[in-house]
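With the UniProt record's numbering applied, the sequence shown corresponds to residues 1 to 372, in that order.
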Amino acid sequence: MLKDSVLRQAAPLFHRASSSGPSTPALWRVRLFHSPPDSHHDNAADEPSPHTVWTRSATGMVKDMFTKHRLLKSQDIWRMGTEGTRPVIQATQAIDDEGRIRMKRVSNIREGRRVWVPPPVTPLPHHPFQAMRFLKNNILGGLEAHNLIHKAKVMMPITTAQGILDSERAAMRAYRRKVFEANKMGRDPPTEVPTPRTHMPEYYWALGPTPDVRPTYDESDLQRPVTKEEVEANMDEQGWSRAEQLEKAYHEAKALERDLISARRTVRRAAHKAEREREKEERAQMLAMGLGPKIAQEKRRAAAIKSIENYARETGEDVSDWIKELEEAHLPTDQYPERIGEVVNPTRVDGKLRLTPATPRTNSAKIHKSRR
């Protein structure tokens with residue numbers, strides 16, 4: 001529901017972005033939606049307000065890289081775009097207020113607890129690329145979907161010892177396969193081992209849409225400088241401008257989504273606080289009227305009914321008479337069961353009233369030991 005509302009409110013942004021002119025490729029501004037109207041909007045470029053986030057366009061950065069390089073890997077784009085920045089370190093544990101390592105309760109290990117691992121964080125939250133996954137899936141993937149860049153195959157020579165060994169092993173496997181098939185078909189097996197492969201394909205990003213016949217590049221094409229004519233022939237200025245506007249609208253929609261989530265969280269917290277205050281006032285009034293024992297009795301009755309319902313859901317037994325009998329019984333207010341199966345009130349009604357299901361506990365370790 002939240003996603004639908006965000007998309008409905010962000011739809012005008014995408015429409016406005018697609019209908020507007022080209023944006024500045026180096027820098028543009030994203031204004032958060034909860035910010036008040038700025039009276040000095042014209043001079044905001046000199047003094048940005050605290051509700052305005054200034055950032056560069058990742059699409060514009062990738063575009064500038066392809067005007068200088070013919071073929072680029074995703075790792076090359078990330079390295080050149082994030083050079084000089086320090087990523088946020090992913091924490092493997094957290095320290096609580098008492099100075100101890102925060103733990104988490106689990107049921108599948110013997111100790112019952114393990115170290116709580118914080119959720120993953122964005123390596124570069126204030127950089128247009130943000131993370132390698134965001135760069136590959138959102139930026140480069142979107143540009144490829146709009147036919148602005150495409151994948152190109154480059155045949156690179158095998159120079160490492162491990163690569164040469166793997167190539168020879170692959171040639172021997174292919175030879176044994178041919179011998180097996182020849183013997184199976186009753187033909188003469190081959191006598192010469194295939195020549196090991198000397199080049200391996202690697203895939204790079206190239207400027208322009210995918211050609212009908214994909215060319216195969218070699219290692220020398222990586223060092224050959226790109227010419228201005230090649231850039232002009234493969235560069236779609238209107239498509240790149242539209243991609244920059246869509247990227248800006250995406251960040252605006254994400255900012256709107258964060259604001260809506262924050263607003264809903266604030267409303268839920270306020271409603272929860274008001275509900276707790278109301279319950280406290282009602283409880284104070286009932287205690288002032290001398291209804292404290294009655295409150296404790298009904299609290300124990302509700303807990304017992306909930307336990308019985310869980311028992312019925314697990315076993316499938318009919319506990320309607322049990323619940324009816326419990327609703328009409330008088331429960332003590334100063335006794336609490338210490339474990340499952342213990343009877344709170346010794347004087348049972350009709351000899352079968354109990355607050356919690358009497359399921360005996362067994363030691364699984366002793367059972368397995370006895371079976372051995």
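Think of the CB as a built atom: it goes at the ideal place given N, C-alpha and C, for glycine as much as any other residue. Nothing here was measured: the structure is a model prediction, and the numbers come from that model.
Touch test, the region 189 to 196 against the region 225 to 243, Cβ-Cβ under 8 angstroms, three pairs minimum: no
I'd like the list of long-range same chain contacts for residue 168, defined as Cβ closer than 6 angstroms, with 5 residues on each side in sequence excluded. 196
Can you list, in chain order, the residues of its chain with a C-beta nearer than 6 angstroms to that of residue 151? Leave out the 5 residues immediately preceding and following it. 203
Inspect the beta-carbon positions of residue 101 and residue 95 and report whether they are closer than 8 angstroms. yes
Three-way DSSP call (helix, strand, coil) for residue 11 in this model: Low per-residue confidence applies at residue 11: pLDDT is 42, beneath 50, and the placement is therefore not dependable enough to give any value.
Count the other C-beta atoms from every protein chain shown that fall within 10 angstroms of the C-beta of residue 116, then say buried if there are 16 or more, exposed otherwise. exposed
Terminal residues of the continuous alpha helix (DSSP H) containing residue 144? 141 to 145
As assigned by DSSP and simplified to three states, the class of residue 293: helix
Same chain, Cβ closer than 7 angstroms to residue 225, neighbours up to 5 away in sequence not counted: none
Beta strand (DSSP E) segment containing residue 114, residue limits: 113 to 115
Beta carbon of residue 139 nearer than 8 angstroms to that of residue 58: yes
Rounded to whole angstroms, what is the Cα-Cα separation between residue 171 and residue 212? 32 angstroms
Look at residue 112 and residue 106 and say whether their C-beta atoms are less than 8 angstroms apart. yes
Simplified DSSP assignment, three categories, for residue 124: coil
Assess, as a yes-or-no matter, whether the region 178 to 192 is touched by the region 116 to 125 under the definition of 3 or more beta carbon pairs within less than 8 angstroms. no
In chain order, each alpha helix (DSSP H) run of at least 4 residues that lies wholly inside the region 178 to 227: 220 to 223
Can you check DSSP and say which residues form a bridge with residue 265? DSSP lists no partner for residue 265.
Considering only C-alpha positions, which residue in the set 147, 104, 154 is nearest to residue 73? 154
Once the 5 residues before and after residue 142 are set aside, which same chain residues still bring their CB inside 7 angstroms of it? 243
Count the other C-beta atoms from every protein chain shown that fall within 10 angstroms of the C-beta of residue 304, then say buried if there are 16 or more, exposed otherwise. buried
Start and end residues, beta strand (DSSP E) containing residue 152: 149 to 157
Span of the beta strand (DSSP E), counted from its first residue to its last, around residue 102: Looking at the DSSP string, residue 102 is not in any beta strand (DSSP E), and its letter there is neither H nor E.
Does DSSP put residue 89 in a helix, in a strand, or in coil? coil
How would you write the range of the alpha helix (DSSP H) that residue 318 sits in, first residue to last? It is not in any alpha helix (DSSP H) - residue 318 carries neither H nor E in the DSSP assignment.
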